[in-house]
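**Q** Can you read through this structure? Questions will come right after.
2 protein chains.
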Amino acid sequence: MSSLSSLWTQKRGGNESQRNAISPTRQEDFPQWYQQVIKEADLAENSGVRGCMVLKPDGYAIWEAIQGQFDALMKAAGVKNAAFPIFIPLEFFQREAQHAEGFATEVAVVTHKRLEKDANGILQPTSKLEEPLIVRPTSEMIIGDSMARWIQSHRDLPLRLNQWCSVVRMEMRTRLFLRTTEFWWQEGHSAHASAPDAQNWVQQMFDLYHTFITNTLALPVVPGEKIESERFAGAERTYTVEAMMQDRKALQAATSHYLGQNFAKAMNIQFQNSEGSMEHAYTTSWGMSTRIVGGLIMAHSDDDGLRLPPRIAPLQVMILPVIPKDEVRGEVLEYAAKVKSAIQALTYNGRPITVQVDDRDMRGGEKNWEAVKKGYPIRIELGPKDIAQGQVVVSRRDLPTGAKAFMSLEQLIDLLPQILEEQQVNYTENGKRHLSENTRTDVRSLDELKQLFSGNDDEEKGMQGAWVRAPWSGDDSTLDALKELKLTVRCLPLDQSGETGTCILTGKPASQEVIIAKAY
Amino acid sequence: MSSLSSLWTQKRGGNESQRNAISPTRQEDFPQWYQQVIKEADLAENSGVRGCMVLKPDGYAIWEAIQGQFDALMKAAGVKNAAFPIFIPLEFFQREAQHAEGFATEVAVVTHKRLEKDANGILQPTSKLEEPLIVRPTSEMIIGDSMARWIQSHRDLPLRLNQWCSVVRMEMRTRLFLRTTEFWWQEGHSAHASAPDAQNWVQQMFDLYHTFITNTLALPVVPGEKIESERFAGAERTYTVEAMMQDRKALQAATSHYLGQNFAKAMNIQFQNSEGSMEHAYTTSWGMSTRIVGGLIMAHSDDDGLRLPPRIAPLQVMILPVIPKDEVRGEVLEYAAKVKSAIQALTYNGRPITVQVDDRDMRGGEKNWEAVKKGYPIRIELGPKDIAQGQVVVSRRDLPTGAKAFMSLEQLIDLLPQILEEQQVNYTENGKRHLSENTRTDVRSLDELKQLFSGNDDEEKGMQGAWVRAPWSGDDSTLDALKELKLTVRCLPLDQSGETGTCILTGKPASQEVIIAKAY
Numbered sequence: 007m008s009s010l011s012s013l014w015t016q017k018r019g020g021n022e023s024q025r026n027a028i029s030p031t032r033q034e035d036f037p038q039w040y041q042q043v044i045k046e047a048d049l050a051e052n053s054g055v056r057g058c059m060v061l062k063p064d065g066y067a068i069w070e071a072i073q074g075q076f077d078a079l080m081k082a083a084g085v086k087n088a089a090f091p092i093f094i095p096l097e098f099f100q101r102e103a104q105h106a107e108g109f110a111t112e113v114a115v116v117t118h119k120r121l122e123k124d125a126n127g128i129l130q131p132t133s134k135l136e137e138p139l140i141v142r143p144t145s146e147m148i149i150g151d152s153m154a155r156w157i158q159s160h161r162d163l164p165l166r167l168n169q170w171c172s173v174v175r176m177e178m179r180t181r182l183f184l185r186t187t188e189f190w191w192q193e194g195h196s197a198h199a200s201a202p203d204a205q206n207w208v209q210q211m212f213d214l215y216h217t218f219i220t221n222t223l224a225l226p227v228v229p230g231e232k233i234e235s236e237r238f239a240g241a242e243r244t245y246t247v248e249a250m251m252q253d254r255k256a257l258q259a260a261t262s263h264y265l266g267q268n269f270a271k272a273m274n275i276q277f278q279n280s281e282g283s284m285e286h287a288y289t290t291s292w293g294m295s296t297r298i299v300g301g302l303i304m305a306h307s308d309d310d311g312l313r314l315p316p317r318i319a320p321l322q323v324m325i326l327p328v329i330p331k332d333e334v335r336g337e338v339l340e341y342a343a344k345v346k347s348a349i350q351a352l353t354y355n356g357r358p359i360t361v362q363v364d365d366r367d368m369r370g371g372e373k374n375w376e377a378v379k380k381g382y383p384i385r386i387e388l389g390p391k392d393i394a395q396g397q398v399v400v401s402r403r404d405l406p407t408g409a410k411a412f413m414s415l416e417q418l419i420d421l422l423p424q425i426l427e428e429q430q431v432n433y434t435e436n437g438k439r440h441l442s443e444n445t446r447t448d449v450r451s452l453d454e455l456k457q458l459f460s461g462n463d464d465e466e467k468g469m470q471g472a473w474v475r476a477p478w479s480g481d482d483s484t485l486d487a488l489k490e491l492k493l494t495v496r497c498l499p500l501d502q503s504g505e506t507g508t509c510i511l512t513g514k515p516a517s518q519e520v521i522i523a524k525a526y
Numbered sequence: 007m008s009s010l011s012s013l014w015t016q017k018r019g020g021n022e023s024q025r026n027a028i029s030p031t032r033q034e035d036f037p038q039w040y041q042q043v044i045k046e047a048d049l050a051e052n053s054g055v056r057g058c059m060v061l062k063p064d065g066y067a068i069w070e071a072i073q074g075q076f077d078a079l080m081k082a083a084g085v086k087n088a089a090f091p092i093f094i095p096l097e098f099f100q101r102e103a104q105h106a107e108g109f110a111t112e113v114a115v116v117t118h119k120r121l122e123k124d125a126n127g128i129l130q131p132t133s134k135l136e137e138p139l140i141v142r143p144t145s146e147m148i149i150g151d152s153m154a155r156w157i158q159s160h161r162d163l164p165l166r167l168n169q170w171c172s173v174v175r176m177e178m179r180t181r182l183f184l185r186t187t188e189f190w191w192q193e194g195h196s197a198h199a200s201a202p203d204a205q206n207w208v209q210q211m212f213d214l215y216h217t218f219i220t221n222t223l224a225l226p227v228v229p230g231e232k233i234e235s236e237r238f239a240g241a242e243r244t245y246t247v248e249a250m251m252q253d254r255k256a257l258q259a260a261t262s263h264y265l266g267q268n269f270a271k272a273m274n275i276q277f278q279n280s281e282g283s284m285e286h287a288y289t290t291s292w293g294m295s296t297r298i299v300g301g302l303i304m305a306h307s308d309d310d311g312l313r314l315p316p317r318i319a320p321l322q323v324m325i326l327p328v329i330p331k332d333e334v335r336g337e338v339l340e341y342a343a344k345v346k347s348a349i350q351a352l353t354y355n356g357r358p359i360t361v362q363v364d365d366r367d368m369r370g371g372e373k374n375w376e377a378v379k380k381g382y383p384i385r386i387e388l389g390p391k392d393i394a395q396g397q398v399v400v401s402r403r404d405l406p407t408g409a410k411a412f413m414s415l416e417q418l419i420d421l422l423p424q425i426l427e428e429q430q431v432n433y434t435e436n437g438k439r440h441l442s443e444n445t446r447t448d449v450r451s452l453d454e455l456k457q458l459f460s461g462n463d464d465e466e467k468g469m470q471g472a473w474v475r476a477p478w479s480g481d482d483s484t485l486d487a488l489k490e491l492k493l494t495v496r497c498l499p500l501d502q503s504g505e506t507g508t509c510i511l512t513g514k515p516a517s518q519e520v521i522i523a524k525a526y
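Below, the structure is given as structure tokens:
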């Protein structure tokens with residue numbers, strides 16, 4: 007595709023020295039910038055319940071867009087949606103020791119089923135439950151309980167289920183989207199008749215995440231496998247899609263787990279195999295959560311606010327009528343409606359292009375900045391002068407904020423799908439460049455690693471070194487050195503070079519490469 | 007539309023004396039029949055958590071169909087989806103006294119946030135929360151907490167929000183779909199600048215439910231207002247859509263509540279009105295839950311299993327290839343695929359017709375009965391003979407199970423949307439007739455009421471009298487007489503005749519008519 011960006015001139019409307027819309031900037035204080043982007047785009051907020059967030063309509067719309075598109079991909083792969091209980095009896099919960107241990111420190115426990123007034127007239131919990139109930143932090147145990155009933159024969163396998171729901175982990179330090187006590191996700195769970203079948207499925211779902219996150223969310227990622235200490239509690243293997251944020255920290259964007267027979271044994275999921283004998287099933291689970299919305303924000307947005315790849319933006323085009331005086335209102339809004347219907351008839355990425363007219367009675371500049379901060383991929387300004395000249399003024403969120411293109415309505419309709427796709431490609435390419443520029447393969451020792459991450463006094467505020475790709479011995483006892491630097495092994499990238507080298511932490515021989523980084 | 011049913015002959019394949027697929031029948035034992043229909047159609051099951059159900063894939067698909075269609079209607083009406091916390095701090099919960107009292111006896115209370123092993127190595131709750139959290143039974147309080155932050159001025163109103171989620175009420179006696187500890191629903195919440203605005207909105211959402219439940223779900227209903235004692239806890243007015251089941255019991259299918267300023271005062275939702283002074287907002291809430299899936303089952307299904315109106319059936323057409331010997335398999339499946347793609351290109355009710363081929367290696371009769379019990383509106387059998395004659399054999403779930411129509415593929419493609427619509431109309435008309443035939447307006451005294459409901463010794467098993475429409479004084483103290491008969495006032499129907507009469511319970515003058523019935 008040839009670049010259309012030459013149509014855009016770097017002309018900032020009115021005030022050339024306008025400050026950035028978001029303060030602080032990314033360079034000044036990345037975490038604060040992140041909070042401000044969310045606030046200005048009105049995506050989410052902290053609630054009156056400690057650690058729990060509210061997904062506001064414009065934030066929820068991003069999650070709905072992810073749900074809609076990823077749900078269709080899962081269904082096409084043979085996954086069926088269902089809904090399982092919100093509670094897990096404590097007895098189920100502790101059947102898989104590693105799993106229970108992994109989640110025991112952060113579960114919400116229901117112990118009573120009634121409230122009654124005390125002497126002061128204040129409602130207090132009463133009617134203690136015989137057995138406490140855990141609010142699901144994940145649903146392996148409760149879905150396993152159903153699987154055990156549903157599966158009798160190898161003919162019942164594979165069984166591939168998914169649910170969209172929220173789960174609860176009692177986090178102490180929370181951050182909108184990235185780490186909250188309650189979060190929303192899809193959790194897929196499958197059972198298979200053999201280990202290879204289950205492993206193939208884990209790989210297939212992992213590929214589905216990788217493709218979706220790359221092609222639709224335009225995140226720069228490294229797909230890989232987790233090292234043992236970073237696996238899902240109870241899993242035999244965990245695959246992860248690790249995305250690089252603009253501050254060079256890593257975000258685990260989605261995971262796919264091979265659970266072996268661990269959970270099948272704990273929940274008694276057995277089937278009669280083709281030889282007629284009973285065998286425990288081989289299970290998997292895989293998930294992607296609302297934290298990926300945080301990833302979208304941190305990977306794409308700029309110092310003027312939210313930016314979203316067009317393929318996932320809930321609203322792709324915002325029309326901003328310019329109404330200098332009341333007498334022209336009718337005429338301008340009529341033209342806006344005409345442009346809107348022409349755009350609605352277009353498709354991009356297999357769906358009708360979404361478009362709205364902002365007809366609120368507000369100053370034009372204020373409206374425009376709001377639209378910038380909301381991250382709509384395309385803004386179209388039109389006023390009396392534009393009507394007279396049969397033109398529209400088009401701004402793209404991926405180009406500098408002041409840049410405008412003047413084009414005829416015909417040209418806009420002709421080019422719009424291409425402009426959206428070019429924008430999608432731009433975000434993808436920007437991300438790839440960022441990932442490549444900030445992945446260091448020349449860091450060879452713990453000292454060099456220390457040096458790389460010592461540049462910043464207040465580590466939380468600024469840019470975070472880089473990702474380091476280096477050989478590692480595989481010895482878990484060496485990881486404490488990383489912990490001190492607040493670093494973790496993100497993954498063993500799938501594309502191992504296969505060459506042997508020396509372990510970055512110990513200097514000993516090492517045959518596997520890992521990605522080391524700070525992470526959310 | 008002219009009736010196409012004359013194309014169908016009453017020919018039962020093979021065994022004329024075949025028993026009904028569901029045992030017991032509706033007449034023999036309605037509640038047991040209901041459980042069996044669910045089991046045979048594989049819609050839901052009780053879980054390992056007391057009172058909680060599992061929505062199995064085919065049951066969840068019905069809920070997804072309801073969600074998809076009703077969500078689009080809400081959005082078109084200006085409602086925005088969002089997501090609010092699963093927990094409500096106890097302090098919020100008790101701020102509206104009536105509301106708290108209404109739900110206090112059935113709430114799940116989270117009191118701890120961690121598990122630790124006891125002396126026997128068993129995990130036990132630990133780390134008590136400073137303040138208990140209620141698992142939401144409904145979200146007025148927690149959404150009100152957000153509304154109080156989001157609303158400052160009359161320009162922020164109306165605010166119309168909705169969330170799709172599950173809620174928890176610790177029910178003692180549960181029944182799949184109809185009454186479960188956890189259920190899934192949409193709950194809409196709005197805030198307005200004046201009482202009339204809020205009341206208009208309550209009415210608008212009520213109309214939306216009524217239209218959807220009538221036109222799409224084909225349920226026979228009476229729309230009306232709840233009497234005071236049956237209102238939502240904390241509401242000033244509650245509107246309800248009451249549906250009649252085949253056993254003549256009532257099911258509350260959806261409700262829309264006017265909350266006045268009660269919740270706004272409790273949660274401090276204030277706005278600056280157009281005169282510049284502060285005022286509490288006027289709020290509403292409205293909901294429809296998975297219990298309506300139970301209503302669909304009980305209103306439409308027959309003694310051969312599930313029946314679903316085509317507009318809501320997740321799968322509208324099942325193709326059943328008839329393969330008498332292996333040599334013809336390829337040919338038959340190829341024909342099935344051809345029929346499938348021809349059907350997929352058709353639309354009904356604004357959407358592509360959904361169709362699948364059941365190519366499992368099973369006896370044809372078994373497959374057919376399974377498809378009957380699953381309630382697919384249309385079954386299409388095709389085998390070598392049909393290929394030779396260029397025909398298909400079509401069965402409609404709304405006609406007696408043995409009836410078949412032989413038609414050319416061209417005729418099928420020509421008629422299919424019409425056949426589906428005729429089926430939708432049939433269910434609607436059947437329901438209306440049932441409602442009309444079983445609504446008694448001639449029951450005039452408590453004695454006559456007693457007589458009407460005394461016919462059945464084991465009241466739970468058989469048909470339940472009728473709905474009685476009669477004048478009532480409006481005096482709540484007279485309701486005990488109904489309670490003894492296990493009857494309730496379902497609603498004040500909207501279409502009051504306006505005539506005065508004598509109260510059915512007291513013989514005193516009464517100016518309002520009510521519907522009295524047994525209910526789920």
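If you read the sequences in order, they're chains U and W. Taking my numbering as reference, the numbering of the first sequence is continuous, increasing by one, and the terminal residue is 526. Taking my numbering as reference, the numbering of the second sequence is continuous, increasing by one, and the terminal residue is 526. C-beta atoms are modelled at their ideal positions from N, C-alpha and C, and glycine is treated no differently. Small disclaimer: the values here were computed from a predicted structure and weren't measured.
1) Assuming residue 311(W) contacts residue 257(W) under a Cβ cut-off of 8 Å, what Cβ separation, rounded to an integer in Å, is found between them?
2) If we require 3 or more residues per run, which beta strand (DSSP E) segments fall completely within the segment 122-188 of chain W?
3) Measure the C-alpha to C-alpha separation of residue 417(U) and residue 408(U) and round it to an integer number of angstroms.
4) Flag residue 262(U) as yes if its beta-carbon sits less than 8 Å from any beta-carbon of chain W, otherwise no.
5) Would the beta-carbon of residue 299(W) fall within 8 Å of that of residue 57(W)?
6) Comparing C-alpha positions only, which one of 413(U), 215(U), 425(U), 200(U) sits nearest to residue 353(U)?
7) Specify, as a first and last residue, the run of the alpha helix (DSSP H) that residue 262(U) falls within.
8) Can you name, in chain order, every residue of its own chain whose Cβ lies under 6 Å from the Cβ of residue 21(U), other than the five neighbours on each side?
9) Just grab the DSSP bridge partners of residue 215(U) for me.
10) For a minimum of 4 consecutive residues, which ranges assigned as the alpha helix (DSSP H) are wholly contained in the segment 53-101 of chain W?
11) Can residue 310(W) be considered in contact with the ligand GTP, in the sense that its beta carbon sits closer than 7 Å to one or more heavy atoms?
12) In whole angstroms, give me the CA-to-CA distance for residue 471(U) and residue 254(U).
13) Determine the direct distance from the alpha carbon of residue 236(U) to that of residue 498(U), and round the result to whole angstroms.
14) Mapping DSSP to helix, strand and coil, what is residue 222(U)?
15) Going by Cα to Cα distance, which pick from 97(W), 359(W), 61(W) is closest to residue 191(W)?
16) Output needed in chain order: residues of the segment 263-291 of chain W with a Cβ under 7 Å from some Cβ in chain U.
17) Could you round the C-beta distance between residue 186(W) and residue 318(W) to whole angstroms and report it? I think they count as a contact, below 8 Å.
18) Let me see if you follow: with CB-CB separation under 8 Å, is residue 237(W) close to chain U or not?
19) From which residue to which residue does the alpha helix (DSSP H) around residue 419(U) run?
20) Looking at the C-beta of residue 497(U), does it have a partner C-beta in chain W at a distance below 8 Å?
21) Going along chain W in order, which residues have a C-beta closer than 7 Å to the C-beta of residue 86(U)?
22) Quick one: any contact between the segment 26-37 of chain W and the segment 284-291 of chain W, if contact means 3 or more CB pairs under 8 Å?
23) Please list the terminal residues of the continuous beta strand (DSSP E) segment that includes residue 247(W).
24) Give the straight-line distance between the Cα atoms of residue 150(W) and residue 382(W), rounded to the nearest whole angstrom.
25) Pull up the distance between the alpha-carbon of residue 329(U) and that of residue 342(U), whole angstroms please.
26) So residue 53(W) contacts chain U; which residues on that side make the cut at Cβ distance below 8 Å?
27) Leaving out five residues before and five after residue 104(W) in sequence, what residues of the same chain have Cβ atoms less than 6 Å from its Cβ?
**A** Considering the structure as presented:
1) In the second sequence, counting from the first residue as 1, residue 311(W) sits at position 305. In the second sequence, counting from the first residue as 1, residue 257(W) sits at position 251. So it is not a contact: roughly 20 Å between Cβ atoms.
2) Correct list: 129-141, 165-174.
3) The residue you call residue 417(U) lines up with position 411 of the first sequence. The residue you call residue 408(U) lines up with position 402 of the first sequence. Looking at the two C-alpha atoms, the distance is approximately 21 Å.
4) Your numbering for residue 262(U) matches position 256 in the first sequence. No, no contact with chain W.
5) As a first step, residue 299(W) is located in the second sequence; it is residue number 293 there, counting from the start. As a first step, residue 57(W) is located in the second sequence; it is residue number 51 there, counting from the start. Result no, Cβ atoms of residue 299(W) and residue 57(W) do not sit closer than 8 Å.
6) Counting from one through the first sequence, the residue named residue 353(U) turns up at place 347. That would be 425(U), whose Cα lies nearest to the Cα of residue 353(U).
7) Counted from its first residue, the first sequence places residue 262(U) at position 256. Following the DSSP letters along the chain, one finds residue 262(U) in no alpha helix (DSSP H) but inside the beta strand (DSSP E) bounded by residues 256-266.
8) Position 15 of the first sequence, counted from the start, is the residue given in the question as residue 21(U). Its pLDDT being 49, under 50, residue 21(U) is placed unreliably in this model, and the coordinates cannot settle the point.
9) Along the first sequence, one-based indexing puts residue 215(U) at 209. In the DSSP output, where bridge partners are listed per residue, residue 215(U) has none listed.
10) List check, alpha helix (DSSP H) in window: 63-82, 96-99.
11) By its list of ligands, the structure shown contains no ligand whatsoever, and the ligand GTP lies outside what it can speak to.
12) Residue numbering aside, residue 471(U) sits at position 465 when the first sequence is read from its first letter. Residue numbering aside, residue 254(U) sits at position 248 when the first sequence is read from its first letter. Taking the straight line from one Cα to the other gives about 7 Å.
13) Position 492 of the first sequence holds residue 498(U). Position 230 of the first sequence holds residue 236(U). The alpha-carbon atoms of residue 498(U) and residue 236(U) are separated by roughly 11 Å.
14) Translated into positions along the first sequence, residue 222(U) becomes position 216. In the three-state reduction of the DSSP assignment, residue 222(U) falls in the coil class.
15) In the second sequence, residue 191(W) corresponds to position 185, counting from 1. Ranked by Cα distance from residue 191(W), the options 97(W), 359(W), 61(W) are led by 61(W).
16) Nothing from the segment 263-291 of chain W brings a Cβ to less than 7 Å from some Cβ of chain U.
17) For the purposes of this step, residue 186(W) is identified with residue 180 of the second sequence, where counting begins at 1. For the purposes of this step, residue 318(W) is identified with residue 312 of the second sequence, where counting begins at 1. Actually they do not touch by this definition, with Cβ atoms about 21 Å apart.
18) Locating residue 237(W) in the second sequence gives position 231, where the first residue counts as 1. No, because no Cβ of chain U sits closer than 8 Å to the Cβ of residue 237(W).
19) Walking along the first sequence from the start, residue 419(U) turns up at place 413. Where residue 419(U) is concerned, the enclosing alpha helix (DSSP H) stretches over 415-443.
20) Numbered from 1 along the first sequence, position 491 holds the residue referred to as residue 497(U). No, residue 497(U) does not count as interfacial toward chain W.
21) The count along the first sequence starts at 1 and reaches residue 86(U) at position 80. Neighbours of residue 86(U) on chain W, chain order: 63.
22) Flag = no, the segment 26-37 of chain W and the segment 284-291 of chain W do not touch.
23) The residue given as residue 247(W) occupies position 241 in the second sequence. From DSSP, the beta strand (DSSP E) with residue 247(W) extends over 243-250.
24) Residue numbering aside, residue 150(W) sits at position 144 when the second sequence is read from its first letter. Residue numbering aside, residue 382(W) sits at position 376 when the second sequence is read from its first letter. Straight-line measurement puts the Cα of residue 382(W) at about 42 Å from the Cα of residue 150(W).
25) For the purposes of this step, residue 329(U) is taken as residue 323 along the first sequence, with counting starting at 1. For the purposes of this step, residue 342(U) is taken as residue 336 along the first sequence, with counting starting at 1. Each residue's alpha carbon lies about 11 Å from the other.
26) As a first step, residue 53(W) is located in the second sequence; it is residue number 47 there, counting from the start. Listed along chain U, the residues sitting closer than 8 Å to residue 53(W) by beta-carbon distance are 90, 91, 148, 151, 152.
27) Mapped onto the second sequence, residue 104(W) falls at position 98. Excluding residues up to 5 positions away in sequence, 239, 240 lie with their Cβ nearer than 6 Å to the Cβ of residue 104(W) in the same chain.
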